Amino acid sequence: MEVLEEEEVEQTAEDVNSLSIDDLEDTDTDLPVDEVSVPSDVPEFDWSSIDTSQLPSSYKTNSQKEKELLHLADHFLQQYTHLCPDRKPLFVHPVNECGVEKFVSTTLRPTLLPYPELYYWSGCASFVSDYLIMEPLKCPITPPSSLYSPTTILKYQRGNCFDFAVLLCSLLIGAGYDAYCVHGYGTQEMCSLDQTQELCPLLRKPQEVPKEMNPNKYRIKYPLEPQSKFELQQKAKKEEETEPAQKEEREEEVEVEKPKRDPLHGLRVHAWVLVLSGKRKVPETFFINPFTGNSHSTTDECFLGIESIWNHRNYWVNMQDCRKGCKDLSFDLSDAVSWEVMFAESNKPSQLVTELPKGDMDDMVSDPNNALEEEEGDMSFEMPLSWVARIRVSCREFENPYSQGRKVILYNKSKLEKWAPYANGNGLVERLTVYADLHRTEEVEVREWFKHRADLLYMREVNKQTQLTTDYFRPGHPLLLKAHSYTSLEPETGHTMEFYHTARVDDLWKRVENAAEMTEYFVGRADRLHTRHIEFGERDKKMGMAGTRTDANPRPIVQIKECFHRNPEKPADEDVEERIFMVIDDVIQLKYHLEVHDTIASKVVFSRVIGRERREEEIFLSRENSVKYQPWSSEKHKNVLHLYELLWELRDEQKELKQQVRDSEAEV
Numbered sequence: 253m254e255v256l257e258e259e260e261v262e263q264t265a266e267d268v269n270s271l272s273i274d275d276l277e278d279t280d281t282d283l284p285v286d287e288v289s290v291p292s293d294v295p296e297f298d299w300s301s302i303d304t305s306q307l308p309s310s311y312k313t314n315s316q317k318e319k320e321l322l323h324l325a326d327h328f329l330q331q332y333t334h335l336c337p338d339r340k341p342l343f344v345h346p347v348n349e350c351g352v353e354k355f356v357s358t359t360l361r362p363t364l365l366p367y368p369e370l371y372y373w374s375g376c377a378s379f380v381s382d383y384l385i386m387e388p389l390k391c392p393i394t395p396p397s398s399l400y401s402p403t404t405i406l407k408y409q410r411g412n413c414f415d416f417a418v419l420l421c422s423l424l425i426g427a428g429y430d431a432y433c434v435h436g437y438g439t440q441e442m443c444s445l446d447q448t449q450e451l452c453p454l455l456r457k458p459q460e461v462p463k464e465m466n467p468n469k470y471r472i473k474y475p476l477e478p479q480s481k482f483e484l485q486q487k488a489k490k491e492e493e494t495e496p497a498q499k500e501e502r503e504e505e506v507e508v509e510k511p512k513r514d515p516l517h518g519l520r521v522h523a524w525v526l527v528l529s530g531k532r533k534v535p536e537t538f539f540i541n542p543f544t545g546n547s548h549s550t551t552d553e554c555f556l557g558i559e560s561i562w563n564h565r566n567y568w569v570n571m572q573d574c575r576k577g578c579k580d581l582s583f584d585l586s587d588a589v590s591w592e593v594m595f596a597e598s599n600k601p602s603q604l605v606t607e608l609p610k611g612d613m614d615d616m617v618s619d620p621n622n623a624l625e626e627e628e629g630d631m632s633f634e635m636p637l638s639w640v641a642r643i644r645v646s647c648r649e650f651e652n653p654y655s656q657g658r659k660v661i662l663y664n665k666s667k668l669e670k671w672a673p674y675a676n677g678n679g680l681v682e683r684l685t686v687y688a689d690l691h692r693t694e695e696v697e698v699r700e701w702f703k704h705r706a707d708l709l710y711m712r713e714v715n716k717q718t719q720l721t722t723d724y725f726r727p728g729h730p731l732l733l734k735a736h737s738y739t740s741l742e743p744e745t746g747h748t749m750e751f752y753h754t755a756r757v758d759d760l761w762k763r764v765e766n767a768a769e770m771t772e773y774f775v776g777r778a779d780r781l782h783t784r785h786i787e788f789g790e791r792d793k794k795m796g797m798a799g800t801r802t803d804a805n806p807r808p809i810v811q812i813k814e815c816f817h818r819n820p821e822k823p824a825d826e827d828v829e830e831r832i833f834m835v836i837d838d839v840i841q842l843k844y845h846l847e848v849h850d851t852i853a854s855k856v857v858f859s860r861v862i863g864r865e866r867r868e869e870e871i872f873l874s875r876e877n878s879v880k881y882q883p884w885s886s887e888k889h890k891n892v893l894h895l896y897e898l899l900w901e902l903r904d905e906q907k908e909l910k911q912q913v914r915d916s917e918a919e920v
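Under my numbering, the first residue of the sequence shown carries the number 253, and numbering increases by one thereafter.
Spelled out as structure tokens, the structure:
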């Protein structure tokens, strides 16, 4: 297989070949700190200083089965290098932490950990990417010379892309997925964990489903809104004048955002995980980048080629052309033309037959029957069990995956910070900061996520330009609060609250309050009330200057307005649509719904008699203080007794409404 090399890479091939390993290391590690998601405060780790004395004997020696496996693998590599001399060396049996050669398939240790999140690929990928610290390869264009066990990698919480992939693949196979480790090539951004050119996944908008057009050709076609030709000409003229300046600005932005040309494009070695469709109801084959935990399509341009893949049972070499990356690759591992398997499964033919060298044929010739049995055994070689000890992750380690206390990921114009639960006193576990510029100096928006809070707050959004803060709560809040928007926590400074209305007795859905008014919205009430609007007056300044509390000096209620939905069980002229209580002026207005054929709504107005002193328990009704206009009602609704009883009911309801308004103020 020829690794993907574009025209610009072909021009610099001689330069790449002339570079030494030290030069390549310098080229890879001289990237700016902001462009690589490796914490700058993390010191370099010396792997030669780790203690291997307490490791099991399987780490330090090879069993007879493992020695036979390595012998067969070496024979396969000899045939491979003979038939494919232009191919890069395969990653087959690197040394482990004890300096012992181990076949890569036996380094996988399928494990199902006792945590519900790790039963799904997304949970496994997130855990590995969060728990481990990324270390770049010593030489970016060659695989590592060693591959440590997943238990050692978990102990020291760090590793390169191959360590990440082996641990993730072990968890996925243990969870029942058809997963494979991949040795291939990737872009510089993927290999160095540089996500500064990518949009944060939390900011990606879901794809909109296109609406199907009505195929009815007889539908009415409404005329377009008329536009002035002169205005269009003037608008086009202004655009022509401002276009050069805007074009220059766009070009400058593109130059800043455009990544630098990578001289090692197509040569950078990377390891990731392949998940085939079928098992665990996976509908489509996909890749997982173990550094980020994100899934990718097999046609993603970040993956530039594949050398080989392996799982805990076998090893496959890719025989397909990768000049166009992984777009056109077939992942049918039973296809002997596309994938060369190291240990033939069943009796399928193989281009590279794994057999013993000629020097060992003398012993087999003496006993033909025994030779035939051994040959069949070679064709269906059984992989030895993994030499790695059982993978264990304690509950404390699983709940606190960040070795440095937190994890910081830099994206395009944004920064994502993660903490373990209970690491912060306020329950903060994640914070996303959105910036206006590429250098991340001017904050635009901040989103925070919380866990395990007594008030059930789980998310907060802060607009840094307007200073508007919105808190989101889970069901179960004492006031059944769902969302709360504010600029200040002081009362009467502007608050918008949303509630879980189905759990509230009053079916309140939303409340908007400021210094002068308050509006409440209801959903699904039996009395069909949907809106209540309250207007307040100014407080008594003398009492305010005395230093009294807000509740001791309440705002005077000027007016209460309520709106109702139509009740089809009542006649329209008896079904109130709107009622207004002018508390200070002592006026009550009623407006009724309209029938389909009506044009003028029925109204009733009760006002205070001029010159008469008002008494609390007295109702004075006369033609002077009552106006009733019901043009469509019958005669029985036009008598004074009906108005008198209605006024009594409205007086009682006004008292109840005033108390409800005070309760709403106290709740705010």
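C-beta: ideal position from N, C-alpha, C; glycine also. The structure presented is a predicted model; accordingly, all values stated were derived computationally and were not measured.
For T404 and P743, the gap between their C-alpha atoms comes out near 56 angstroms. Here D415 carries a helix assignment [DSSP, helix/strand/coil]. Counting only runs of 4 or more residues that sit fully inside the segment 288-367, the alpha helix (DSSP H) segments are 316-335, 356-359, in chain order.
No residue range can be given for G746, since it is assigned to no alpha helix (DSSP H) and is classified by DSSP as neither H nor E. Q719 and G518 have their C-alpha atoms some 46 angstroms from each other. DSSP places C433 within a strand segment (E or B) once states are collapsed to three. Collapsing the DSSP output to three states places K665 in coil.
Assigned with DSSP and collapsed to three states, L899 falls in helix.
DSSP lists F702 as the bridge partner or partners of L680. Looking at the DSSP output, G438 bridges to F555. Within the DSSP bridge table, the entry for S378 names no partner. Here L581 carries a coil assignment [DSSP, helix/strand/coil].
Annotated as proximal: H564 and P362, with beta-carbon spacing under 7 angstroms. Where Y844 is concerned, the enclosing beta strand (DSSP E) starts and stops at 839-844. Rounded to the nearest whole angstrom, the CA to CA distance from P820 to T754 is 23 angstroms. Contact annotation, R658 with K670: C-beta distance approximately 6 angstroms; criterion of less than 8 angstroms satisfied.
Partner residues in the beta bridge of F725, as assigned by DSSP, are L709. Distances from the CA of N676 to each of D723, H691, N652, T693 were compared; the closest alpha carbon is that of N652. In this structure, the CA atom of R831 is about 58 angstroms from the CA atom of T448. When the beta-carbon positions are compared, R784 and R807 stay at least 7 angstroms from each other.
The straight-line gap separating the alpha-carbon atoms of H522 and C413 is approximately 6 angstroms.
Residue range 809-816 is occupied by the beta strand (DSSP E) that includes C815, with no alpha helix (DSSP H) assigned at that position. With contacts defined by Cβ atoms closer than 7 angstroms, V696 and I786 do not form a contacting pair. Contact between L419 and V380 is confirmed by a C-beta separation of about 6 angstroms, below the 8 angstroms threshold. One Cα belongs to S582, the other to D430, and the distance between them is close to 16 angstroms. Judged by their CB atoms, E772 and L781 are not nearer to each other than the 7 angstroms cut-off.
Selection L329, P636, H704 evaluated against E318 yields P636 as nearest (Cα-Cα). Counting only residues of its own chain and dropping the five nearest sequence neighbours on each side, F788 has a CB closer than 8 angstroms to the CB of A767, A768, E769, M770, R807, P808, I809, V810. When N678, E500, Q330 are compared, the shortest CA-CA separation from M711 is found for N678.
Three or more beta-carbon pairs separated by less than 8 angstroms link the segment 531-549 to the segment 365-381, which places the two stretches in contact.
In this structure L423 is not in contact with N348, their Cβ atoms being roughly 19 angstroms apart against a cut-off of 8 angstroms.
Put simply, the backbone Cα of R642 is about 12 angstroms away from that of T359. In this model, M386 and L556 are separated by some 21 angstroms (Cα to Cα).
By alpha-carbon distance to K843, the top candidate from S586, V835, I852 is I852. Rounded to the nearest whole angstrom, the CA to CA distance from R756 to Q911 is 18 angstroms.
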